[in-house]
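Heads up: the structure comes next, in structure tokens.
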Amino acid sequence: MKRCWLACVVVVLLPHMVNASVVPCGGSFESFVENVRQEGIGRGHDPAMVDSFLQHASHDPEVIRRDNAQGIFKRSFIDFSTLVMSDHRIVKGREFRQRHGAELQAVFERYGVQPGVLLAFLALETDYGVVQGDFNTLNSLITLSHDCRRPELFQPHLFAAMKLFGNGSFDPVETQGAWAGEIGMIQLLPEDILQFGTDADGDGKVDLRGSAADALMTAGRVLNSFGWQPREPWLIEILVPESLDWAETGVRKPKTLEEWRALGVSPRSGNWPALSLEASILLPHGRKGPAFFAFSNFNVYLEWNRSLVYATTSAFFATLLSGEPLYLKGNPPPQLTNEEIVWLQSRLVELGHDVGGVDGIVGSMTRAAVQNEQVRLGIPADAWPTSELIALLR
88 MKRCWLACVV VVLLPHMVNA SVVPCGGSFE SFVENVRQEG IGRGHDPAMV
138 DSFLQHASHD PEVIRRDNAQ GIFKRSFIDF STLVMSDHRI VKGREFRQRH
188 GAELQAVFER YGVQPGVLLA FLALETDYGV VQGDFNTLNS LITLSHDCRR
238 PELFQPHLFA AMKLFGNGSF DPVETQGAWA GEIGMIQLLP EDILQFGTDA
288 DGDGKVDLRG SAADALMTAG RVLNSFGWQP REPWLIEILV PESLDWAETG
338 VRKPKTLEEW RALGVSPRSG NWPALSLEAS ILLPHGRKGP AFFAFSNFNV
388 YLEWNRSLVY ATTSAFFATL LSGEPLYLKG NPPPQLTNEE IVWLQSRLVE
438 LGHDVGGVDG IVGSMTRAAV QNEQVRLGIP ADAWPTSELI ALLR
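Numbering (the working numbering), first residue to last: 88 to 481.
In structure tokens:
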């Protein structure tokens with residue numbers, strides 16, 4: 088059975104790469120391909136090159152099915168992290184680090200991104216390069232560009248693939264990857280490869296599928312572009328007193344570590360980073376579950392993937408692969424059912440909150456709305472939705 092929890096499940100779209108759709112979506116697929124052809128020629132590409140690029144393009148209904156079935160991030164942090172942070176991945180991470188220590192160190196020296204951070208991304212994206220996807224990349228991109236659900240997200244990558252083909256860096260027949268068009272060990276889309284792809288091994292090409300050096304340095308470059316603070320922490324498990332004002336928690340409410348220490352918060356390990364650093368308190372399961380300091384580098388995880396569950400899992404897995412122990416699960420209330428979350432989100436919208444969409448996912452915006460309502464209702468404002476909150480809001 089394939090182990091693939093991100094590339095085969097949810098598309099990663101670097102947010103600064105989002106552009107407008109330029110070719111009308113929907114309608115006859117053949118007409119759409121012709122419109123893509125005309126747009127490519129209009130961009131100055133050689134007509135023969137464009138024809139060669141599109142010659143074997145076809146619609147893939149399995150891509151649409153996958154795109155409409157992304158439900159894994161409705162899991163809670165504990166469920167999702169337990170699923171993906173397997174003993175297999177921990178062992179393979181150690182082995183990968185032994186094989187590619189020099190490449191990991193080179194990224195650290197250039198961008199200050201710690202090896203554990205890179206290992207965690209590789210683990211969750213492709214099992215350290217083992218599971219990179221077997222979908223034809225061109226067919227994935229052109230299918231999603233034709234579909235009217237999110238063409239503005241995929242069409243720029245379709246034309247970027249065309250440009251890569253013109254440069255001799257993309258094979259429209261042989262290139263394979265995830266269902267959403269991501270390529271290589273770190274699963275980047277073509278426009279991102281054009282901007283960030285790095286030839287770190289000096290062989291004259293960017294090979295994100297077969298070269299660990301290229302993939303790792305490219306990942307470091309991406310994280311650097313998002314504002315990664317070199318050699319600084321990203322996530323630290325903490326112990327939080329019951330007396331804390333829970334309304335002060337949340338990933339957008341930073342204080343200095345000195346201020347948190349004065350409030351009785353402490354790292355689980357007992358080792359404090361520089362007390363001048365700022366961090367927010369992240370409670371992925373509320374006040375009775377795991378608790379973390381989330382530093383500015385944690386925001387980079389949210390730039391890589393906007394799912395709070397994925398970002399928290401990847402960030403914690405990076406600490407685990409760096410030698411820290413498994414987090415304390417605590418005894419949090421269970422996650423609400425999908426139906427309950429949808430009802431809650433609908434009710435929050437009625438009350439004037441923006442939850443980012445009624446989708447059954449307890450994301451950052453839903454949590455912020457939950458916390459505001461908890462404050463209003465006078466119950467512990469830890470941003471974790473519970474049956475008690477639903478009862479009060481009914």
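By construction, the Cβ of each residue, glycine as well, lies at the ideal position given by its N, Cα and C atoms. The structure presented is a predicted model; accordingly, all values stated were derived computationally and were not measured.
Leaving aside the five residues that flank Arg-153 on each side, the residues in its chain whose CB is nearer than 6 Å to its CB run, in chain order, Trp-266. Counting of Cβ neighbours within 10 angstroms places Val-123 among the buried residues, the total reaching 16 or more. Here Gly-447 is actually not in contact with Pro-419; their C-beta atoms are around 19 Å apart, not less than 8 Å. Of the candidates Ala-299, Asp-290, Asn-223, the residue whose Cα lies closest to the Cα of Glu-269 is Asn-223. Taking 7 Å as the cut-off, the beta carbon of Ala-306 is found no closer than this to the beta carbon of Ala-287.
CA-CA distance, Gly-439 to Phe-380, rounds to 30 Å. Counting C-beta pairs closer than 8 Å gives three or more between the segment 143 to 153 and the segment 228 to 236, which meets the contact rule.
Residue pairing by DSSP puts Ser-367 in a beta bridge opposite Ala-381. Assignment of Gly-307 by DSSP, reduced to helix, strand and coil, places it in the helix class.
The secondary-structure analysis by DSSP pairs Asn-223 across a beta bridge with Gln-263. Collapsing the DSSP output to three states places Lys-250 in a helix. In the DSSP assignment, Ile-428 falls within the alpha helix (DSSP H) that extends over 425 to 437.
Going by DSSP, Leu-322 is part of the beta strand (DSSP E) stretching over 322 to 326.
For Thr-343, the beta-bridge partners assigned by DSSP are Glu-365. Gly-216 is positioned such that its CB atom lies closer than 7 Å to that of Met-272. If you draw a 10 Å sphere on the C-beta of Val-260, you find fewer than 16 other C-beta atoms in it, and that means exposed. Asn-122: member of the alpha helix (DSSP H) spanning 116 to 129, first to last residue. Each of Glu-411, Thr-399, Phe-313 was checked against the Cα of Arg-355, and the nearest Cα belongs to Glu-411. Excluding the 5 residues flanking it on each side, Arg-184 has same chain C-beta neighbours closer than 7 Å at Leu-191, Pro-202, Leu-206, in chain order. The segment 442 to 461 and the segment 422 to 434 touch, with no fewer than 3 CB-CB distances between them shorter than 8 Å. Annotation for Gly-443: Gly-450, Ser-451, Met-452, Thr-453 place their beta carbon closer than 8 Å to its own, counting only its chain and skipping 5 residues before and after.
Judged by their CB atoms, Val-200 and Trp-321 are not nearer to each other than the 7 Å cut-off. Leu-326 places its beta carbon less than 7 Å from that of Ser-353. Here the alpha carbon of Phe-167 sits roughly 28 Å from the alpha carbon of Asp-332.
Look at the beta carbons and you see the segment 458 to 468 not touching the segment 400 to 414: under three pairs across the two are nearer than 8 Å. Bridge partners of Ile-477 according to DSSP: none are assigned. The residue from Leu-370, Glu-117, Leu-211, Thr-406 with its alpha-carbon nearest to that of Asp-234 is Glu-117. Counting along the chain, Arg-197 sits inside the alpha helix (DSSP H) bounded by residues 188 to 198. Residue pairing from DSSP places Ile-270 in a beta bridge opposite Leu-275. Arg-434 and Thr-473 have their C-alpha atoms some 14 Å from each other. When the Cα atoms are used, His-372 and Thr-169 turn out to be separated by approximately 14 Å.
The three-state secondary structure of Pro-354, taken from DSSP, is strand. Assignment of Gly-373 by DSSP, reduced to helix, strand and coil, places it in the strand class.
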